[in-house]
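Participant:
2 protein chains.
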Amino acid sequence: MRVLILGGDGYLGWATALRFSKQGHDVALVDNFLRRRMHLERGTDSLTPIHRLQERLEAWKEVTGKTITAFIGDLQEWEFTSRVIKEFRPEAIVHYGEIPSAPYSMIDVHHAVQVHQNNVNGTLHVLFAMRDYVPDCHLIKLGTMGEYGTPNIDIEEGWIEVEHNGRKDTVPFPKQPGSFYHLTKVHDSDNIIFACKIWGLKATDLNQGVVYGIDTPETVLDERLINRFDYDECFGTYLNRFVVQAVAGIPLTVYGKGGQTRGMLDIRDTLACVELAMMNPPKGGRMRVFNQLTETFSVMDVATLVQAQGAKLGLNVQIAHYENPRWELENHYYNPKHSKLIELGLQPHFLANTLVDSMIERVIQYQDRIIKDEIVPRIRWGSGDAETKVTIREYEPATEPIPASD
Amino acid sequence: MRVLILGGDGYLGWATALRFSKQGHDVALVDNFLRRRMHLERGTDSLTPIHRLQERLEAWKEVTGKTITAFIGDLQEWEFTSRVIKEFRPEAIVHYGEIPSAPYSMIDVHHAVQVHQNNVNGTLHVLFAMRDYVPDCHLIKLGTMGEYGTPNIDIEEGWIEVEHNGRKDTVPFPKQPGSFYHLTKVHDSDNIIFACKIWGLKATDLNQGVVYGIDTPETVLDERLINRFDYDECFGTYLNRFVVQAVAGIPLTVYGKGGQTRGMLDIRDTLACVELAMMNPPKGGRMRVFNQLTETFSVMDVATLVQAQGAKLGLNVQIAHYENPRWELENHYYNPKHSKLIELGLQPHFLANTLVDSMIERVIQYQDRIIKDEIVPRIRWGSGDAETKVTIREYEPATEPIPASD
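As given, the protein sequences belong to chains R and L, one line each in that order. Converting from the first sequence to our numbering requires adding 1095 to each position, the first position being numbered 1. Converting from the second sequence to our numbering requires adding 1095 to each position, the first position being numbered 1.
#1: Anything in chain L within Cβ reach of R:Ala-1207, meaning under 8 Å, just list it in chain order.
#2: Check whether the Cβ atoms of L:Leu-1400 and L:Val-1342 sit closer than 8 Å, and answer yes or no.
#3: What three-state label does DSSP hand R:Leu-1101 in the structure shown?
#4: Starting from L:Trp-1476 and walking both ways along the alpha helix (DSSP H), at which residues does that stretch end?
#5: Spatial neighbours of R:Ile-1455 within its chain, please: CB distance less than 7 Å, with the 5 preceding and 5 following residues excluded, ordered by chain position.
#6: Which residues, taken in chain order from the stretch 1284-1309 of chain L, show a beta carbon closer than 8 Å to some beta carbon of chain R?
#7: For L:Tyr-1392, which of helix, strand or coil comes out of DSSP?
#8: Secondary structure at R:Thr-1311, three-state DSSP: helix, strand or coil?
#9: By Cβ distance below 8 Å, which residues in the same chain neighbour L:Glu-1186 in space, the five residues on each side in sequence not counted?
#10: Using a beta-carbon distance below 8 Å, is L:Pro-1144 in contact with chain R?
#11: Check the C-beta distance from R:Thr-1111 over to R:Leu-1366 and give it rounded, since I have them as a contact under 8 Å.
#12: Within the stretch 1272-1320 of chain R, note down every full beta strand (DSSP E) run reaching 3 residues or more, in order along the chain.
#13: Count the CB pairs spanning the stretch 1274-1289 of chain R and the stretch 1196-1212 of chain R that are closer than 8 Å, and state whether there are at least three.
#14: Around the C-beta of L:Thr-1143, are 16 or more other C-beta atoms found within 10 angstroms, so that it is buried, or is it exposed?
#15: Comparing the C-beta of L:Gly-1253 with each C-beta of chain R, is any distance below 8 Å?
#16: Note down, in chain order, every chain L residue with its Cβ under 7 Å from the Cβ of R:Asp-1169.
#17: List the residues of chain R whose Cβ lies closer than 7 Å to the Cβ of L:Lys-1181, in chain order.
#18: DSSP three-state call for R:Glu-1153: helix, strand or coil?
#19: CB-CB under 7 Å to R:Val-1397, same chain, minus the five flanking residues each way: which ones, in chain order?
#20: For R:Leu-1237 versus R:Ala-1290, is the C-beta distance shorter than 8 Å?
#21: Mind listing which residues of the stretch 1224-1249 of chain L have their C-beta closer than 7 Å to chain R's C-betas, in chain order?
#22: Go to R:Glu-1258, then tell me how far its alpha helix (DSSP H) extends in each direction, as first and last residue.
#23: Is the stretch 1254-1269 of chain R in contact with the stretch 1242-1260 of chain L, if contact means three or more CB pairs nearer than 8 Å?
#24: Between the beta-carbon of L:Val-1349 and the beta-carbon of L:Ala-1415, is there less than 8 Å?
#25: Quick check on the DSSP output: the alpha helix (DSSP H) that includes L:Pro-1449 runs from which residue to which?
#26: For the stretch 1463-1474 of chain L, enumerate the residues whose C-beta is nearer than 7 Å to any C-beta of chain R, in chain order.
#27: Can you tell me which of the three DSSP states R:Asn-1322 falls into?
#28: Put L:Pro-1269 into one of helix, strand or coil per three-state DSSP.
#29: Is L:Thr-1111 helix, strand or coil when you go by DSSP?
#30: Between which two residues does the alpha helix (DSSP H) holding R:Thr-1245 run?
#31: Return the bridge partner residues of R:Met-1359 from the DSSP annotation.
#32: Could one say the Cβ of L:Pro-1269 lies closer than 8 Å to chain R's Cβ atoms, at least one of them?
#33: According to DSSP, simplified to helix, strand and coil, what is R:Gly-1238?
#34: On the three-state DSSP scale, how would you describe R:His-1211?
#35: Show which residues of chain C have a CB atom less than 7 Å away from the CB atom of L:Pro-1185.
#36: Please confirm whether R:Arg-1381 has its beta-carbon closer than 8 Å to some beta-carbon of chain L.
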């Protein structure tokens, strides 16, 4: 199958590109190196030393004999996006090509607008290009469980039957996202629902939980294929971040009480879910939604697990409760349904002690690359980055261990 | 009260500015003449000859002795928007400053993106400027009943209590908008809900029906104060358009069967609703929503009314059923609740024969300004403006009456 991976230089995009290429699909990727550039801006970096995209692709060819085509450009440019889709004529588009960070979107007005433009306009371009050039193509769009927020009712997979005043209808599940980034994903979902309806497009929205893990069977084939692994305030998800903190001797940054409960999944399950979605396309006309998670944990559950596993490996892991920079409930009902991918055949990797151990060991390998002063929460939902003025602050080298405040 | 009217050179903005100024409020307006420029692009114009904004404001001062300050600029420019709000320090912001046209947003990818950027980014700037400079200000935002679509359940005012699997929650009413324009208003509503929640802002979202009427008590004080009156495919609402067609001898352009049912209201009621919202601000933290309509009619109801009233005035009014260019149901349940503004004291002007008569007479006054070839539907939801390529088409003067197809 001809598969186009948007955001193919990223954490999930790169792993997905390799997996599908290995399986014999004709894979091309699109990237504009925005993640690498945002790291430059924030003074952060992947823990793992990722290679130039050109080197990564050459290594892949050397190791497997397979070619992945790269289109370098910005989905916000119509001439670029439409040309790629017109020329490559994908049968499936896996769309990871968005800014994925809640804190980054909350830095200030300019970042909020940038995330809106990048995500919403890019996806609009993809939808119009599909309509014009590949109307039978299947769009597999990465959404997020954060679109739903934490309602006091069960979270269904995208659509809910509502009975009201004696009448019934099936309507989009009401969304209550918790950052401007999450809002852009809601806007995307609404736009995709509409595009499917009026143009008969095929689309699957994957509302994904928090992903953890470093390696996939393909990324370990050669050190030059190593995957990105972010742990900083903006781009790290919290299990990944906790493991890095455990190794670096930094107290785990739990926001508030840590009762926030979220869906999670292993990066290998992300790849399996995307594959299941791709191999079982929906009919056109109505956007399909899967909730893509395998388990739910509170933040404290995860912190405690990392602490315990760290202790076994001789690490003295502290937990620090930071003032919560976000606006979110720290104790709430949370019951997201997630049976549709299981019904398609997903066999989850549940979060096991051995996985945490292996992540810790992998992080130890690169511990000299840890940038310690960029992990603690600075960006506040109320005031953005005003307090520490990160974007214009003078550089102060970290000389002292960062204290665990609470 | 210091009131800032965004989009103050427009149909509702101008009428609102005059009304509040007359009442003694300290009124300033913001506009970038986008409506006038979009008319230039489309080859259309207001039926009524509207004067330069500078002339309008001078006439207002001459007639009433009152000054309205104008800030000319684009809400998409943060430096502009933040400076206006910082300097004027409004206590209420009435936000009409968005592109309001469903067909315009469906022309092509560039128009869809333009409407997104103009509407969503402008509103983001307003929200951040409120947070930074006037956190107690009340944002009165013009939404649209089109955000809801036509669900098979009663439409509540913004929020709905859902009982699901034995649990209850009050959540945003699920939206199913019918164009990229309507989608931008949904995106705005979602962003405003979030901004209210995290920053404690005060906001009222007015989900307004289809407005009709030309004159208000203030706009008739002097011919130089006359209000804009659009009737073209992009910017005309359908009762306004039907009246112009009746006068011009053009068959009324009913899309499909005309069973589409919508909420409607008199422009004088729009002003009363905005005033009621302003004088009764909500608490901060949770966006308030009013459904702003006074009656519901099907398109055929309205066409038949115009036909009957035209006949009394000696006009032979035909009705033509055009292939529906939109994706919408032509027969559907429609029961939007709209009691909150009534509870605040709204006394509606119901659509009466006399009003239609007076509109017809007013249009006859300006009938030599009617641009006949820009009323019929050309922009199709499926293919945009591709069929007639309006934006790049050669100009063909209308030499024949436009036939009534069906």
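Idealized CB from N, CA, C, for every residue including glycine. In this text, all values refer to a predicted model and were calculated from it rather than measured experimentally.
Facilitator: Reading it off the structure:
#1: Taking the first sequence and counting its residues from 1, the one referred to as residue 1207 of chain R is at position 112. The contacting residues are Leu-1219, Phe-1223.
#2: For this step, residue 1400 of chain L is matched to residue 305 along the second sequence. For this step, residue 1342 of chain L is matched to residue 247 along the second sequence. Remark: C-beta atoms of L:Leu-1400 and L:Val-1342 do not approach each other more closely than 8 Å.
#3: Against the first sequence, residue 1101 of chain R aligns to sequence position 6. Here R:Leu-1101 carries a strand assignment [DSSP, helix/strand/coil].
#4: On the second sequence, position 381 is the one that residue 1476 of chain L refers to. Run containing L:Trp-1476: none; DSSP gives neither H nor E here.
#5: To locate residue 1455 of chain R, count along the first sequence from 1; it is residue 360. Within the same chain, Val-1338, Ala-1341, Val-1342, Gln-1404, Gly-1405, Leu-1408 come within 7 Å of R:Ile-1455 by CB-CB distance, once the 5 residues on both sides are set aside.
#6: Per Cβ criterion, the list reads Asp-1285, Asn-1286, Ile-1288, Phe-1289, Lys-1292, Ile-1293, Trp-1294.
#7: Indexing the second sequence from 1 puts residue 1392 of chain L at position 297. With the sequence shown as reference, residue 1392 of chain L is identified as Phe, and Tyr is not the correct amino acid for it. Correct three-state label for L:Phe-1392: strand.
#8: The residue labelled residue 1311 of chain R in the question sits at position 216 within the first sequence. Residue state, collapsed to three classes: coil.
#9: Residue mapping note: residue 1186 of chain L aligns to position 91 of the second sequence, counting from 1. Contacts found: Met-1096, Arg-1097, Val-1098, Val-1229, Asp-1231, Cys-1232, His-1233.
#10: Along the second sequence, read from residue 1 onward, the residue named residue 1144 of chain L stands at position 49. Not an interface residue.
#11: Counting from one through the first sequence, the residue named residue 1111 of chain R turns up at place 16. Counting from one through the first sequence, the residue named residue 1366 of chain R turns up at place 271. The pair is a contact, with the Cβ atoms about 6 Å apart (cut-off 8 Å).
#12: You should have 1297-1303, 1305-1307.
#13: Short answer: they touch.
#14: Against the second sequence, residue 1143 of chain L aligns to sequence position 48. By the neighbour-count rule (16 or more Cβ atoms within 10 Å), L:Thr-1143 is buried.
#15: Against the second sequence, residue 1253 of chain L aligns to sequence position 158. L:Gly-1253 does not count as touching chain R.
#16: As a first step, residue 1169 of chain R is located in the first sequence; it is residue number 74 there, counting from the start. Within 7 Å Cβ-Cβ: nothing; R:Asp-1169 doesn't reach chain L, min ~13 Å.
#17: For the purposes of this step, residue 1181 of chain L is taken as the residue at position 86 of the second sequence. Per Cβ cutoff of 7 Å: no residues; L:Lys-1181 is ~13 Å from chain R at best.
#18: Against the first sequence, residue 1153 of chain R aligns to sequence position 58. When DSSP states are grouped into helix, strand and coil, R:Glu-1153 belongs to the helix group.
#19: Taking the first residue of the first sequence as 1, we reach residue 1397 of chain R at position 302. So the list reads Tyr-1333, Leu-1334, Phe-1337, once near-sequence residues are dropped.
#20: Locating residue 1237 of chain R in the first sequence gives position 142, where the first residue counts as 1. Locating residue 1290 of chain R in the first sequence gives position 195, where the first residue counts as 1. Cβ distance not < 8 Å, so R:Leu-1237 and R:Ala-1290 don't count as in contact.
#21: Contact annotation: in the stretch 1224-1249 of chain L, residues whose CB is within less than 7 Å of a CB in chain R are Pro-1246, Asn-1247, Ile-1248, Asp-1249.
#22: Position 163 of the first sequence holds residue 1258 of chain R. It is not in any alpha helix (DSSP H) - R:Glu-1258 instead sits in the beta strand (DSSP E) that spans 1254-1259.
#23: The answer is yes - the stretch 1242-1260 of chain L touches the stretch 1254-1269 of chain R, with three or more Cβ pairs under 8 Å.
#24: As a working mapping, residue 1349 of chain L is identified with position 254 in the second sequence. As a working mapping, residue 1415 of chain L is identified with position 320 in the second sequence. Taking C-beta atoms as the reference points, L:Val-1349 and L:Ala-1415 count as a pair closer than 8 Å.
#25: For the purposes of this step, residue 1449 of chain L is taken as residue 354 along the second sequence, with counting starting at 1. Note on identity: in this sequence residue 1449 of chain L is Thr, with Pro being the wrong assignment. Element bounds for L:Thr-1449: 1448-1460.
#26: The stretch 1463-1474 of chain L vs chain R, Cβ under 7 Å: nothing.
#27: Taking the first sequence and counting its residues from 1, the one referred to as residue 1322 of chain R is at position 227. Of the three classes helix, strand and coil, the one that applies to R:Asn-1322 here is coil, per DSSP.
#28: For the purposes of this step, residue 1269 of chain L is identified with residue 174 of the second sequence, where counting begins at 1. In this structure, L:Pro-1269 counts as coil in the three-state DSSP scheme.
#29: Taking the second sequence and counting its residues from 1, the one referred to as residue 1111 of chain L is at position 16. In the three-state reduction of the DSSP assignment, L:Thr-1111 falls in the helix class.
#30: Taking the first residue of the first sequence as 1, we reach residue 1245 of chain R at position 150. Counting along the chain, no alpha helix (DSSP H) covers R:Thr-1245, and no H or E run does either.
#31: Mapped onto the first sequence, residue 1359 of chain R falls at position 264. Residue pairing for R:Met-1359: DSSP places it in a beta bridge opposite R:Val-1305, R:Glu-1390.
#32: In the second sequence, the residue the question calls residue 1269 of chain L occupies position 174. With 8 Å as the cut-off, L:Pro-1269 counts as an interface residue toward chain R.
#33: As a working mapping, residue 1238 of chain R is identified with position 143 in the first sequence. In the three-state reduction of the DSSP assignment, R:Gly-1238 falls in the strand class.
#34: Numbered from 1 along the first sequence, position 116 holds the residue referred to as residue 1211 of chain R. Secondary structure at R:His-1211: helix, using DSSP grouped into helix, strand and coil.
#35: Judged by its chain identifiers, the structure shown contains no chain C, and its protein chains are R and L.
#36: Looking up residue 1381 of chain R in the first sequence gives position 286. At a cut-off of 8 Å between beta carbons, R:Arg-1381 makes no contact with chain L.
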